[in-house]
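Enquirer: Residue numbers (the numbering used here): -1 to 354. Even for Gly, the Cβ is constructed at its ideal location relative to N, Cα and C. These numbers were taken from a predicted model, which means no experiment stands behind them. Next up is a structure, given as structure tokens.
Put into structure tokens, the structure is as follows:
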């Protein structure tokens, strides 16, 4: 039996409760009543002290900027073979189509549009600061009931963010619902496909670490997108922990051509921790992507030394070099990768000139 039991009050119970006018004192517009125990652990994101100032800023306006979106889409890549890679699905009868050249081109164009839709990035937001503010306190209701009562406005024309959900405590206090309580009751009355009323165990630290060690990064991030809103502290905790594990393992390529590569890159640049990603891009000879990461840094931090020095530079390699000299905390590591890239580039040019 679940630790938290939810019982919807029947009509007779509602009549009985409504007869006690004091129970509803101070409560605006109530359309539904639910009786429940709302015990649960509140999650909080663990933030490094050095990143506290950046964590307090709201990244959403910058993330939604058109220039930033263009950079992130370009960095993400568009590999149709990876976007539509085989996955396990229920057995179905195969369908075969005989197409003309024109029809085939239309199907290919439709596949490209579908692929772009699959790469739509989840927004990067600041953690919600919703607090269960007290509405009223009625000591006459103290110990009248042992359970909490949750009142939910289930009108269809109200956005979920503005929907009224309040809780009557056993001691008579009437307060706004906490974030976790809101998520649970919104899922009960307005169920979303794939989302659970209670967060799956996989998001708990113990099980999350096991999945990370297996390299199930895309699975974790996909499930987090379904289970949580992008400003939920648990979503931010899970995604940030996943990004950090990817950085430690240098497993960036797993998320390329997925909807999560852009937010991951934005996270690294936002917290000034993009050196490993830059080195990996340079080693793969993706110098244009590395330059886009530097451009992203300059948009987020327009007053930085790198942004001021890069104002008139268009060469990709020079942009990365300026970033290395002004912002990089691991200069030797990045300089070595740049030197190796330049040597490889010079060798290729020599081979081309000798063959001609």
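Measure the C-alpha to C-alpha separation of residue 38 and residue 318 and round it to an integer number of angstroms.
Expert: In this predicted model, residue 38 has a pLDDT of only 41, less than 50, meaning its place in the structure is not dependable; the value taken from the coordinates is given anyway. About 47 Å.
Enquirer: Check whether the segment 318 to 336 and the segment 94 to 114 touch, using three or more Cβ-Cβ pairs below 8 Å as the test.
Expert: Segments in contact, no.
Enquirer: Report yes if the CB atom of residue 73 is closer than 7 Å to the CB atom of residue 263, and no otherwise.
Expert: For residue 73 and residue 263, yes; Cβs fall inside 7 Å.
Enquirer: Got a sec? Which residues, its chain only, sit under 8 Å from residue 323 by beta carbon, not counting five neighbours each side?
Expert: Once the five neighbours on either side are set aside, the close Cβ partners of residue 323 are 329.
Enquirer: So what does residue 150 bridge to, in DSSP terms?
Expert: Bridge partners of residue 150: 163.
Enquirer: Nearest CA to the CA of residue 130: which residue from 155, 179 and 94?
Expert: With distances taken between Cα atoms, residue 130 lies closest to 179.
Enquirer: Specify the secondary structure class of residue 338 as computed by DSSP and reduced to three states.
Expert: In the structure shown, residue 338 sits in a helix (DSSP, three-state: H, G or I).
Enquirer: Out of 340, 201 and 231, point me to the one whose CA is closest to residue 280's CA.
Expert: When each option's Cα is compared against that of residue 280, the closest is 340.
Enquirer: Assuming residue 135 is part of the beta strand (DSSP E), what are its boundary residues?
Expert: Note, residue 135: beta strand (DSSP E), 132 to 135.
Enquirer: Could you check where the beta strand (DSSP E) with residue 174 kicks off and where it finishes?
Expert: Note, residue 174: beta strand (DSSP E), 171 to 174.
Enquirer: Which residues in the same chain as residue 80 place their Cβ atom closer than 6 Å to its Cβ, once the five residues preceding and following it in sequence are excluded?
Expert: Excluding residues within five positions, the ones whose Cβ falls inside 6 Å are 255.
Enquirer: So for residue 283, helix, strand or coil by DSSP?
Expert: Residue state, collapsed to three classes: coil.
Enquirer: Buried or exposed for residue 296, going by 16 or more other Cβ atoms inside 10 Å?
Expert: Buried.
Enquirer: Restricting to runs no shorter than 4 residues, where is the alpha helix (DSSP H) found entirely within the segment 77 to 110?
Expert: Here the runs fully enclosed are 78 to 81.
Enquirer: Looking at the structure shown, is residue 349 part of a helix, part of a strand, or coil, going by DSSP?
Expert: DSSP places residue 349 in helix when its eight states are reduced to three.
Enquirer: Given this structure, state the Cα-to-Cα distance separating residue 161 from residue 233, to the nearest angstrom.
Expert: For residue 161 and residue 233, the distance between alpha carbons rounds to 21 Å.
Enquirer: Okay, do the segment 53 to 65 and the segment 238 to 254 touch, 3+ Cβ pairs below 8 Å being the bar?
Expert: Too few Cβ pairs lie closer than 8 Å, so no.
Enquirer: Exposed or buried, which one is residue 150 when buried takes at least 16 other CB atoms within 10 Å?
Expert: By the neighbour-count rule (16 or more Cβ atoms within 10 Å), residue 150 is buried.
Enquirer: So, residue 122 versus residue 148, is the Cβ gap smaller than 7 Å?
Expert: Their beta carbons are not under 7 Å apart, which means residue 122 does not touch residue 148 by this criterion.
Enquirer: Expressed to the nearest angstrom, what Euclidean distance is found between the alpha-carbon atoms of residue 207 and residue 95?
Expert: For residue 207 and residue 95, the distance between alpha carbons rounds to 45 Å.
Enquirer: Where does residue 156 fall in DSSP's three states?
Expert: Of the three classes helix, strand and coil, the one that applies to residue 156 here is coil, per DSSP.
Enquirer: So what's residue 243 in DSSP terms, helix, strand or just coil?
Expert: Of the three classes helix, strand and coil, the one that applies to residue 243 here is helix, per DSSP.
Enquirer: Can the beta-carbon of residue 355 be found less than 7 Å from the beta-carbon of residue 321?
Expert: Absent from the structure is residue 355, since the part of the chain shown begins at -1 and ends at 354.
Enquirer: Is it buried or exposed, residue 170, if we count other Cβ atoms within 10 angstroms and call 16 or more buried?
Expert: It is buried - the Cβ of residue 170 has at least 16 other Cβ atoms within 10 Å.
Enquirer: Quick check on DSSP: helix, strand or coil for residue 212?
Expert: Note: residue 212 maps to coil in three-state DSSP.
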